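Numbering (the working numbering), first residue to last: -10 to 410.
This is how it looks when you write it as structure tokens:
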């Protein structure tokens, strides 16, 4: 039994340790016989889930992403019972060098066919070129930097959840139209935070608004007093938090402790997950707005998945965890349709097959390898309006896919130039 991976007692699991993580093999899957075994290397499909398993970003993805991946394998097995699938799990500790070392070994030694999740922009940038050079697929969720789908885009790197443009474009324009035309940023000092501020400032400038500055804090920072005071002194109408996980939770709690929640400045969470709101509590988080690709209570299909997930993980799924489920399931369906785990054949199927699940029904990959789907502008409910556990969001509006993504005409992705030649 592997508690850190959110294992269910109803799923027998074989566990073996390596220097780079845990290899988790679903017992029912591992013992399956299948036809056409020779079409899959080693007679098995191997999927690696790499993310922050115990640090400041672990709640939003972490062990919950492993649960989601195993659910996808289980659901795939119902339709394709003869295909053997192994899941390998590793913790990159939010360190690009560790993430790169793990993924390189996975590809060179362990025969991993596809890597999913990642959940840290700096780590994603470190492994993107490795996957490209090894011609292996990486499907990113909770990776914000626009570089992955922009200047650093790759034929084998797929963006399944969001990037920073998706997260800020709609909300920035909406707030600017309401008169919130001056902004100050408190951001994480690594690839994600710096990219989010850069993207936000571009959208502000295009909208006729202005940025009054930004301060950057270390990953895992605990004291935000100096950053908050600088934000307050800026006199900006909006204080935008470009951080996530424990960092957002702590900074928002201190925002309230300093009484800034009752002042004239509006707080905006440019990236916020359901687990962040749960950790803050609705009293602290009430009124915060953010943009999300998915929410567990959108419809009956999302609720059904969420209830299954909750029984296994004791928390409702975040958008990244739902995206991991969708990405793993779509990859497996594509491999089955291709009859092989050979990268180019699987990618061809993934690009031709629309998504058919609760996460993004009908969504397709476009030429820059971004899965195109709707987004939602949501607001945290007041405590009195929260009628059920984890029922924290009100959907303010749907941002249609055609408005949520940077137009391909403005993209710096080299794949687009290749496809035009």
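Idealized CB from N, CA, C, for every residue including glycine.
The model shown is predicted, which means the values in this text are computed figures rather than measured ones.
If you draw a straight line from the Cα of residue 366 to the Cα of residue 28, it comes to about 44 Å. The beta carbon of residue 235 is closer than 6 Å to those of 45 in its chain, skipping five residues each way along the sequence.
Contact annotation: residue 203 and residue 181 have beta-carbon atoms that are not nearer than 8 Å. Taking C-alpha positions only, residue 133 is separated from residue 83 by approximately 14 Å. DSSP places residue 81 in the coil class of the three-state scheme, outside both helix and strand. Bridge pairing for residue 173: 228 [DSSP].
Using a Cβ distance threshold of 8 Å, residue 64 and residue 51 do not count as a contacting pair. Sorting 221, 102 and 363 by C-alpha distance to the C-alpha of residue 244 places 221 at the top.
A straight-line Cα-Cα distance of about 25 Å links residue 337 and residue 115. The secondary-structure analysis by DSSP pairs residue 128 across a beta bridge with 105 and 147. Three or more beta-carbon pairs separated by less than 8 Å are not found between the stretch 165 to 174 and the stretch 132 to 150, which leaves the two stretches without contact. Within its own chain, the residues whose Cβ lies closer than 6 Å to the Cβ of residue 198, once the five positions on either side in sequence are excluded, are 165 and 170, listed in chain order. Taking one beta carbon from each stretch, the stretch 206 to 224 and the stretch 260 to 268 have fewer than 3 pairs nearer than 8 Å; the two do not touch. A direct Cα-to-Cα measurement between residue 340 and residue 95 gives close to 24 Å.
Using a C-beta cut-off of 8 Å, the stretch 395 to 402 makes no contact with the stretch 293 to 307, since fewer than three inter-stretch Cβ pairs fall below that distance.
Beta-bridge pairing by DSSP links residue 354 to 360.
Buried is the label assigned to residue 307, since at least 16 other Cβ atoms lie within 10 Å of its Cβ. Following the DSSP letters along the chain, one finds residue 383 inside the beta strand (DSSP E) bounded by residues 382 to 388.
In the displayed model, residue 213 falls within coil according to three-state DSSP, outside both helix and strand. When the five nearest sequence neighbours on each side are left out, the beta carbons in the same chain lying within less than 6 Å of the beta carbon of residue 268 are those of 238, in order along the chain. Its Cα nearest to that of residue 270, the residue 374 stands out among 291, 374, 190 and 332.
In this structure, the straight-line span from the alpha carbon of residue 334 to that of residue 256 is close to 46 Å. By the Cβ test, the stretch 277 to 295 is not in contact with the stretch 91 to 111, since fewer than three Cβ pairs between them sit closer than 8 Å. The alpha-carbon of residue 287 is positioned some 14 Å away from that of residue 377.
Counted as a single uninterrupted DSSP element, the stretch harbouring residue 292 is not any beta strand (DSSP E) but the alpha helix (DSSP H) occupying residues 289 to 302. Under the three-state reduction of DSSP output, residue 201 falls in the strand class. Residues of the same chain with a CB within less than 7 Å of the CB of residue 405, apart from the 5 flanking positions on each side, are 356, 357 and 397 in chain order.
Excluding the 5 residues flanking it on each side, residue 93 has same chain C-beta neighbours closer than 7 Å at 119, in chain order. Secondary structure remark: continuous beta strand (DSSP E) runs of at least 3 residues inside the stretch 30 to 64, in chain order: 34 to 40. Going by DSSP, residue 111 is part of the alpha helix (DSSP H) stretching over 110 to 123. DSSP links residue 237 through a beta bridge to no other residue.
Around the beta carbon of residue 303, fewer than 16 other beta carbons sit within 10 angstroms, so the residue counts as exposed. In the displayed model, residue 255 falls within a strand according to three-state DSSP.
By the CB criterion at 8 Å, residue 124 and residue 153 fall outside the cutoff.
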